[in-house]
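Heads up, the thing below is written out as structure tokens.
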Amino acid sequence: MRIQQRMRRLIKPILIAIALIIVVVGIGLTMLIKEAYQVDLSKLEEPLPKPTVIIDKNGDAASELSSSRFTSVPLSRIPDELIHAIIAVEDQRFFDHWGVDVRGIIRSAWRNFRAGSVVQGGSTITQQLAKNLFFTSERTYTRKFNEIVTAYRIERKYSKEAILELYLNQIYFGEGTWGIQDAAKVYFGKDVQEIKLSEAALLAALPKAPTHYSPFQNEQKAKERRNLVLLLLYEQNYLTKEDYEKAVNEEIILRNFELDGLRGKYPGYVDYVIEEAIHKYGFNEEYLLTGGLHIFTQMDPVVQSAIEMTYTTNELFPNSTGDELVQSASVVIDPYTGGVRGLIGYRGSHVYRGFNRASQLKRQPGSAIKPLAVFAPALENGYKRNSMLIDEKSDFNGYSPKNFNDRYRGRVTLHEALVHSINVPAVALLHEMGVGVGVDFLQRSSIPLHRDDRNLSIALGGFTEGVSPLDMAQAFSMFPNLGSMKKAHAITRITSSTGEILLEVVQEDVQVMKPENAYTMTQILSDVVQEGTGKNAALNRPTAGKTGTTQLPSTAAFQGVSGVRDAWFVGYSPELVTAVWVGYDKVDPNYVMESSGGNHPAKIFQAIMSNALQNIPISSFQIPKNYREDEKKESKETAPTGKEKNQEKDKNKKPGKGNDKEKKPGKGKGRD
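Mapping of the sequence shown onto full-length UniProt numbering: residues 1 to 672, in sequence order.
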């Protein structure tokens, strides 16, 4: 009896708890369903979006950020092979489910488990359509529930054929392309009706991960994914064994993907605008490409055209080895605004949002870094142009830099050491000041550093990772602007299709060095162009700059191989700053250049700047107020050595130690 009474007392609260849970869950589900029903399905039938427009610095439309999402085709024009391929890989039971395929989820999970990777998704075509048009990509249960409800509503409203047509005209196929018709054009240069079986399988392979499987960026992965689609077609009885084997063995033949009219003019610059909007300001790529936005930029069409024209002049570049093209990248910025006036990150064929060497490259800058890592901080710390520096074989705590051609002069002035890009004096000067002085200046110049870069090899550009042309152009912009630097940027403002301001970019000045020292640096770097290693960069107007060359790795694989790895020139006029890099993408004994920073990069700089400035009046570099002209007349013979000057400043400081802990130098080598 007592047990029964206890059971009755327990059952009642349990039932109440269950009832409460049911009520709460019911209320929650009701709210979620109500929220899901707020989705306006009429959006499925809206006209395709307007292109986003790129506006140049003059306020003119310079290019269209075209997503290629402008051509819709009826299902009747799409080949059966393509329809079958999409269904086979994306939604095998498309014609049997109500929007969500529970069996398909279980089947794809089992297939993925056996394959050891995700080869088939669980979302149906209808779910994908709902997600792409109505929801973000966030991974939450609420979003997934709303997606399922919306898929159910779509299935209730539209026929299977209509859903398939909407899907094929809306889905993203990579390379900035939405919709099957324009995907066929971009990848194969064909109308969708002309697509054959193996091409249909490749197109069907792309929606899963368009960038990862892009045949323009990774042909092998694209082929593997295409062959998986063909296998699924065979397993699902869409293909005979003979047709399957024939298609699997076909090579991928793409159309000649030159500068694409679908994406308008200046594709290299446009790619960087997309990159900046996504990674710097958090915009979504699809919104950028389909939102009908107006993106106001710092691009100067004259400068951008000058860059693109230069990059079609093969004579300016080193000869290439085999089928591997010597690559290059250039950036031109306005030193007074930080605006990127022009940019290119490739030679040869343009690949939509491919590797942008202008901003994404990480290579050692060689001697091009000397003004930033050594000589500008030296001027900031009281050294003069005629301060004497040692130039003899030296060992700095186990680091023994060498001069090009193994020639040593005994003693040289700071001016001579930089103009003629002599290595030992640069290292000796950084050693004397302390590595921390150079590191601090580089950081204030926004040069990216690795934690292992606190060593003397940074004097010669021996960085653990490296820099991009954009990094170098931005840092050098302080010199013509009297020590003040603004962050390099392409975008100034973004507005919606209705004119609403979505982004307004404001750049603050950073005074990196004293105006008089920046001007002194410009005077020295002007002599680099007039009488030093940068003579090939000379313009018919005031010009300053620095060359840089990095040697091949000192590994066994490169023993006996002559040539260089990277070549740089970073220079400026009173109006513009330009950084040029030339080199192979591969680091391989079979791919080395016979060049130097004073050769091809300097000539490329000269060609770009000559064309960019041909209609601009000649002007002079800014001179700081109260600048002491008598400094130039100081006797070199009576000038103190750097060591003597340092000892006079602080008799308690031991030269060579600095106020920081040095790490063991790396193996960075500069040549010019």
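We put the CB at the ideal spot given by N, CA and C, even for glycine.
Spatially closest choice to residue i from the options, by CA coordinates
i, options, result
"residue 404", "52, 550, 446 and 305", "550"
"residue 464", "514, 470, 447 and 214", "447"
"residue 627", "57, 482, 240 and 98", "482"
"residue 350", "255, 129, 459 and 439", "255"
"residue 322", "591, 61 and 402", "591"
"residue 589", "461, 563 and 233", "563"
"residue 156", "99, 166 and 171", "99"
"residue 253", "222, 274, 235 and 266", "222"
"residue 526", "268, 547, 302 and 554", "547"
"residue 237", "305, 213, 92 and 336", "92"
"residue 306", "617, 616, 611 and 567", "611"
"residue 444", "426, 95, 475 and 296", "475"
"residue 59", "296, 623, 393 and 596", "296"
Cutoff 8 Å; reference residue i; Cβ partners in own chain excluding five residues on either side
i, result
"residue 11", "none"
"residue 466", "361, 362, 363, 364 and 365"
"residue 639", "Only weak support is given to the placement of residue 639: the predicted model assigns it a pLDDT of 43, under 50, and the value that follows is read from those uncertain coordinates. Closer than 8 Å at the Cβ level, and outside the excluded window around residue 639, lie 384, 386, 387, 388 and 413."
Residue range of the beta strand (DSSP E) that includes residue i
i, result
"residue 504", "501–504"
"residue 391", "388–391"
"residue 564", "564–572"
"residue 226", "Careful: residue 226 lies outside any beta strand (DSSP E), inside the alpha helix (DSSP H) at 219–235."
"residue 343", "340–344"
"residue 328", "327–333"
With 16 other Cβ atoms within 10 Å as the buried cut-off, status of residue i
i, result
"residue 262", "Low confidence applies to residue 262: its pLDDT is 37, below 50, so where it sits in the model is not reliable, and the reading given next is rough at best. Classification of residue 262: buried, given that the 10 Å Cβ count is 16 or more."
"residue 18", "exposed"
"residue 614", "exposed"
"residue 242", "exposed"
"residue 309", "exposed"
"residue 680", "Absent from the structure is residue 680, since the part of the chain shown begins at 1 and ends at 672."
"residue 282", "exposed"
"residue 632", "Caution applies to residue 632, whose pLDDT of 48 falls short of 50 and renders its modelled position unreliable; the value that the coordinates give is listed next. It counts as exposed."
"residue 318", "buried"
"residue 95", "exposed"
"residue 227", "buried"
"residue 561", "exposed"
"residue 214", "buried"
Residue i: first and last residue of the uninterrupted alpha helix (DSSP H) it sits in
i, result
"residue 436", "435–444"
"residue 294", "Where residue 294 is concerned, there is no enclosing alpha helix (DSSP H), although the beta strand (DSSP E) it sits in stretches over 294–297."
"residue 268", "267–279"
"residue 577", "It is not in any alpha helix (DSSP H) - residue 577 instead sits in the beta strand (DSSP E) that spans 577–583."
"residue 64", "Not the alpha helix (DSSP H): residue 64 falls in the beta strand (DSSP E), residues 61–65."
"residue 526", "515–531"
"residue 419", "414–419"
Test item: CB-CB of residue i and residue j under 8 Å
i, j, result
"residue 430", "residue 288", "no"
"residue 209", "residue 229", "no"
"residue 389", "residue 419", "no"
"residue 485", "residue 496", "no"
"residue 456", "residue 449", "no"
"residue 542", "residue 479", "no"
"residue 343", "residue 383", "no"
"residue 454", "residue 439", "yes"
"residue 44", "residue 133", "yes"
"residue 232", "residue 82", "no"
"residue 460", "residue 423", "yes"
"residue 421", "residue 387", "no"
"residue 607", "residue 313", "yes"
"residue 41", "residue 161", "no"
"residue 370", "residue 426", "yes"
"residue 193", "residue 79", "yes"
"residue 276", "residue 172", "no"
Own chain partners of residue i with C-beta closer than 6 Å, once the 5 adjacent residues on each side are dropped
i, result
"residue 340", "298, 333, 488 and 490"
"residue 469", "329, 331, 358, 579 and 581"
"residue 605", "537, 569, 571, 578 and 580"
"residue 651", "Low confidence applies to residue 651: its pLDDT is 36, below 50, so where it sits in the model is not reliable, and the reading given next is rough at best. Here the set comprises nothing."
"residue 247", "197, 198 and 230"
"residue 123", "none"
Cutoff 7 Å; reference residue i; Cβ partners in own chain excluding five residues on either side
i, result
"residue 71", "179, 181 and 182"
"residue 609", "539, 573, 576 and 578"
"residue 586", "324"
"residue 130", "147, 150, 151 and 154"
"residue 320", "326"
"residue 85", "200, 201, 204, 229 and 233"
Residue i Cβ short of 7 Å to the ligand ADP heavy atom set
i, result
"residue 550", "Of the ligands one can find in the structure shown there are none, so the ligand ADP has no counterpart to examine."
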